[in-house]
Amino acid sequence: MVIDVVMPQLGESVTEGQIVRWLKQPNQPVARFEPLVEVLTDKVTVEVPSPVEGRLLSIEVPEGETVPVGTVIARLEAAGATAPATPEPRPAGTVQSTGPGPAGLDAEGATGGGGAEARYSPAVRRLAREHGVDLARVRGTGHGGRVTREDVLAYVAARQRQATAPPSAPPEPPSTPQRPPAVSPGRTPEPAGAVPASPVRQVIARRMVESWTTIPHAWTMVEADVTALAALREQVRETFVRREGFELTYLPFAVKAVVETLQEHPELNASWQDGRIVYHRSVHVGVAVGLEDALLVPVIREAERLSLVGLARALHDLVRRARERRLGADETAGGTFTVNNTGALGSVLSAPIINPPQAAILTTEAVQRRLVVLKDDQLAIRSIMALCLSFDHRVADGVQALRFLNGVKRRLEAFGPGMPLA
């Protein structure tokens, strides 16, 4: 029996995946549940196991290609099976049985009876609607000529350049013969080398370009006096490490302040979707985790249900597993707001790029000891943290953004010695 292996659904909002690396080659035996291929989706690489014991017949999608969920990516021959006389009904899940017969994509693949519309992923169709693009006019560069999100974005960018380009005047004939510009040897920078971008790097690049070209970013910042919070951390540091087994950083306090402020001002716990502003009932906070070659954003779901200590535990667990590359695909999906702790790397001011389709992202910067002027004109050394916010100007204006930022600042400045952490 010939078994089709399809691109699996690796998350509730995931519509496509990229083949990172084939772990088996044609004609090699494979055991049931043995890893068959590595698939990248939404910055997370996962292994897809073989559904049966048998032999890999063919690879249908090469490494580096991105295909929609449900696309046939390989075919297997099940061990000890005999060919049925008629095709078997297709079971639900990531494995589809086609029965004996010639290899080829089925109706839900890339070229079947769904017509041209079936070739477009939901993400591509949504992007085309947002920009008013007729997909029939876009040349596809994906697998089998499929139109990708990069193709749509490139089409939109070319259309914008064409619309804004000044009318060209016919060139005047030169009065004197033109000489080619002199080339100065050694003035052109010599590249030190080049390497192909990793699949994770390519996903990050695609999402950042999508964000920067589709979302009108606005930026603002405030400074919070966290002197009392620093004193609280110092007061409970040793007890917390003995009880929990890890350090208590400023980040759980910042996330707690963000979550409570989003509940008070939900304007930024939202998404711009097809001309509508969609407000989210729960606060699913994504936390950026920088690795050597990637940036992952695991999500704390329903963060409003967690105490300060609960947030600290969730953050510690997600950051640790992100660095060990042990996150599941669903753990990086569905965020409604992102917090980026750039201060951990020494940054004092930054302008983050929004993680689409979210409406805003906040960075917490490094705590600096500064000499400041107090309200009574006295000088004092205080601990100051900058809070930087990039927000979607379609969703909110400066009034809502600064109302939110000042809410976070007020809550951070309210922490102090003697406060319970739970």
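Throughout the sequence shown, residue numbering follows the UniProt record's numbering, covering 1 to 422 in sequence.
Here a beta-carbon is modelled for each residue, glycine too, at the ideal position from N, C-alpha and C.
Separation of residue j from residue i, as counted between CA atoms
{"i": "R75", "j": "E47", "result": "17 Å"}
{"i": "L56", "j": "Q273", "result": "42 Å"}
{"i": "G416", "j": "A228", "result": "4 Å"}
{"i": "M208", "j": "E292", "result": "18 Å"}
{"i": "I384", "j": "V226", "result": "6 Å"}
{"i": "R129", "j": "Q160", "result": "16 Å"}
{"i": "F246", "j": "D376", "result": "40 Å"}
{"i": "K256", "j": "A205", "result": "30 Å"}
{"i": "T71", "j": "V5", "result": "8 Å"}
{"i": "M1", "j": "K24", "result": "19 Å"}
{"i": "A422", "j": "D397", "result": "35 Å"}
{"i": "H316", "j": "G335", "result": "18 Å"}
{"i": "R146", "j": "G140", "result": "5 Å"}
{"i": "T214", "j": "P29", "result": "46 Å"}
{"i": "P8", "j": "V20", "result": "14 Å"}
{"i": "I413", "j": "R325", "result": "Reading off the sequence shown, one finds Glu at residue 413, where the question assumed Ile. Straight-line Cα distance between these residues: approximately 35 Å."}
Residues near residue i by beta carbon distance below 6 Å, same chain, minus five either side
{"i": "E53", "result": "A31, R32 and A79"}
{"i": "V395", "result": "A270, W272, I277 and A359"}
{"i": "W219", "result": "A351 and S390"}
Range of the contiguous alpha helix (DSSP H) that encloses residue i
{"i": "M208", "result": "P199 to T214"}
{"i": "P252", "result": "L251 to E264"}
{"i": "F240", "result": "T227 to E244"}
{"i": "A314", "result": "L308 to R323"}
Which of helix, strand or coil DSSP assigns to residue i
{"i": "Y279", "result": "strand"}
{"i": "F391", "result": "strand"}
{"i": "R403", "result": "helix"}
{"i": "I3", "result": "strand"}
{"i": "P35", "result": "strand"}
{"i": "Q18", "result": "strand"}
{"i": "V156", "result": "helix"}
{"i": "H131", "result": "helix"}
{"i": "Q162", "result": "helix"}
{"i": "A192", "result": "coil"}
{"i": "R139", "result": "coil"}
{"i": "V348", "result": "coil"}
{"i": "A303", "result": "helix"}
{"i": "E333", "result": "A small fix is needed here, since residue 333 is Ala in this sequence, not Glu. In this structure, A333 counts as coil in the three-state DSSP scheme."}
{"i": "A414", "result": "helix"}
Any non-hydrogen atom of the ligand ADP within 7 Å of residue i CB
{"i": "H393", "result": "Ligands displayed in this structure: none; no statement on the ligand ADP is therefore possible."}
Cβ shell of residue i (< 8 Å), same chain only, five flanking positions each side left out
{"i": "E302", "result": "S282, V283 and H284"}
{"i": "V348", "result": "E365, A366, Q368 and A386"}
{"i": "L295", "result": "K43, I204, A288 and V289"}
N-terminal and C-terminal residue of the beta strand (DSSP E) that residue i is part of
{"i": "A78", "result": "V72 to A78"}
{"i": "P420", "result": "Careful: P420 lies outside any beta strand (DSSP E) and carries neither H nor E."}
{"i": "P68", "result": "T66 to P68"}
{"i": "A270", "result": "A270 to Q273"}
{"i": "V285", "result": "V285 to V287"}
{"i": "L368", "result": "Note on identity: in this sequence residue 368 is Gln, with Leu being the wrong assignment. Note, Q368: beta strand (DSSP E), Q368 to V373."}
Residues sharing a beta bridge with residue i, DSSP
{"i": "R362", "result": "Strictly speaking, residue 362 in this sequence is Leu, with Arg absent from that position. DSSP output for L362 lists V339 and L389 as bridge partner(s)."}
{"i": "I354", "result": "Paired residue(s): none; I354 is not in a bridge."}
{"i": "R55", "result": "P29 and E77"}
{"i": "E223", "result": "A386"}
{"i": "V46", "result": "V39"}
{"i": "G290", "result": "L295"}
{"i": "L379", "result": "V373"}
Own chain residues within Cβ distance below 7 Å of residue i, not counting five before or after
{"i": "L232", "result": "F415, G416, P417 and M419"}
{"i": "E210", "result": "R149, L153 and P356"}
{"i": "L371", "result": "L379 and I381"}
Residue-chain proximity (residue i, chain B), Cβ-Cβ < 8 Å
{"i": "R410", "result": "Going by chain labels, chain B is absent from the structure shown, which holds only one protein chain."}
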